[in-house]
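A.B. asks:
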Amino acid sequence: MRNISEYEDSTYLLNHPEKLKFKADNEGYLYFKRLLGKKTNMSLLRDLINVCSKHGFLDNNNGHNSKKAKKGKKIEPLCKEDIDYFKDVLKLRSLHAYAQSKEIMNLFELLFDDEVLNHSQNIVRTVFPDTKKHTTPPHQDYWYIGGNKNTWTTWIPLGDTPKEMGKPFGSWEIYSQNWYRTKQISCRRFRKLLMQC
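Heads up: the sequence shown is residues 61 to 257, going by this note's numbering.
1) Beta carbon of L104, beta carbon of Y158: below 8 Å?
2) I need the DSSP call for T71, collapsed to helix, strand or coil.
3) Identify the continuous alpha helix (DSSP H) that holds T186 and give its terminal residues.
4) Taking all protein chains shown into account, decide if S73 is buried (16 or more other Cβ within 10 angstroms of its Cβ) or exposed.
5) Quick one: residues in its chain with C-beta nearer than 7 Å to the C-beta of C257, no 5 flanking neighbours on either side, listed in chain order?
6) Can you list, in chain order, the residues of its chain whose CB lies under 7 Å from that of I164, leaving out five sequence neighbours each side?
7) Are the beta-carbon atoms of K127 and I109 separated by less than 8 Å?
8) Alpha carbon to alpha carbon, how far is K151 from P189? Give it in angstroms, no decimals.
9) When DSSP builds the beta bridges, which residues end up paired with L171?
10) Please look up how many angstroms separate the CB atoms of L155 and V184, rounded, as I've assumed it's under 8 Å.
11) Which of the three DSSP states is assigned to L108 in this structure?
12) Grab me the residues of C112's own chain with a C-beta within less than 6 Å of its C-beta, minus the 5 sequence neighbours each way, in chain order.
13) What would DSSP say about L90, mapped onto helix, strand or coil?
14) For F168, which residues in the same chain have their Cβ closer than 7 Å to its Cβ, ignoring the five residues on either side in sequence?
15) Residues in the same chain with beta-carbon distance under 6 Å from F82, minus the five sequence neighbours each way, listed in chain order, please.
16) Leaving out five residues before and five after H76 in sequence, what residues of the same chain have Cβ atoms less than 7 Å from its Cβ?
17) For D173 and H179, what's the separation of their Cα atoms in angstroms?
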């Protein structure tokens, strides 16, 4: 496996589309700092915190605006509690507006040199502290969402994410390739767009 390296901020390439596309094709990811407004990011985070609070995921002893999870809180994926929570998350207008933001859409139009269709499947990954059992394993999203194989996925953390939990450079080529090859899917064109607000 390749060594994990620092993400290289690609913001400076926004005025150089050909260099941006070259980097995307060769590295499989693009990383942007502060491409999205912090105010919008924090607004969506507040909405998600409210949904977490409604479902009893937060330690409200620290105040209503607490972002601290209840100690020992864990939910099994696809259990009723998880499904009810996710249904409420998917009702958030701010989530869907966020995915359609002009900054994201303009970036993809630059990459594809054409109009783009934003896939309507927005996913929020909510991870409880110290719960490694349900964190997302390395994977390639094409298998899950389908569509065109020349697809990009946008990953935007709404909270602090330690570097060791991020996407290793080059992992888009490495992880699960044998499994995907058995499904006759070309993985090289499925890449990630990483953003930090």
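C-beta atoms are modelled at their ideal positions from N, C-alpha and C, and glycine is treated no differently.
C.D. replies: If we stick to the structure as given:
1) What you label residue 104 is simply residue 44 of the sequence shown in a count that begins at 1. What you label residue 158 is simply residue 98 of the sequence shown in a count that begins at 1. Result yes, Cβ atoms of L104 and Y158 sit closer than 8 Å.
2) For the purposes of this step, residue 71 is identified with residue 11 of the sequence shown, where counting begins at 1. Reduced to three states, the DSSP call for T71 is helix.
3) The sequence position of residue 186 within the sequence shown is 126, counting from 1. No alpha helix (DSSP H) holds T186; DSSP gives it neither H nor E.
4) Along the sequence shown, read from residue 1 onward, the residue named residue 73 stands at position 13. In the sequence under discussion, the amino acid at residue 73 is Leu, which differs from the Ser named in the question. The residue in question, L73, is buried, as its Cβ has 16 or more Cβ neighbours within 10 Å.
5) Translated into the one-based positions of the sequence shown, residue 257 becomes position 197. With a pLDDT of 45 at C257, under the threshold of 50, the modelled position of that residue is not reliable, and no figure is offered here.
6) Sequence index remark: in the sequence shown, residue 164 carries index 104 (1-based). Correct list, in chain order: T214.
7) Walking along the sequence shown from the start, residue 127 turns up at place 67. Walking along the sequence shown from the start, residue 109 turns up at place 49. In this structure, I109 lies closer than 8 Å to K127 by Cβ.
8) Here residue 189 refers to the residue found at position 129 when the sequence shown is read from its first residue. Here residue 151 refers to the residue found at position 91 when the sequence shown is read from its first residue. About 25 Å.
9) Counted from its first residue, the sequence shown places residue 171 at position 111. DSSP output for L171 lists no bridge partner at all.
10) In the sequence shown, residue 155 corresponds to position 95, counting from 1. In the sequence shown, residue 184 corresponds to position 124, counting from 1. Right, their Cβ atoms sit about 7 Å apart.
11) By one-based count along the sequence shown, residue 108 stands at place 48. L108: helix per DSSP, three-state reduction.
12) Your numbering for residue 112 matches position 52 in the sequence shown. Within the same chain, L118 come within 6 Å of C112 by CB-CB distance, once the 5 residues on both sides are set aside.
13) Residue 90 sits at position 30 when you count from the first residue of the sequence shown. It is a strand residue.
14) Here residue 168 refers to the residue found at position 108 of the sequence shown. Same-chain partners within the cutoff: V176, W212.
15) As a first step, residue 82 must be located in the sequence shown, where it is residue number 22. Answer for F82: no residue qualifies.
16) Position 16 of the sequence shown, counting from 1, holds the residue named residue 76. Excluding residues within five positions, none has a Cβ falling inside 7 Å.
17) In the sequence shown, counting from the first residue as 1, residue 173 sits at position 113. In the sequence shown, counting from the first residue as 1, residue 179 sits at position 119. One C-alpha to the other measures close to 17 Å.
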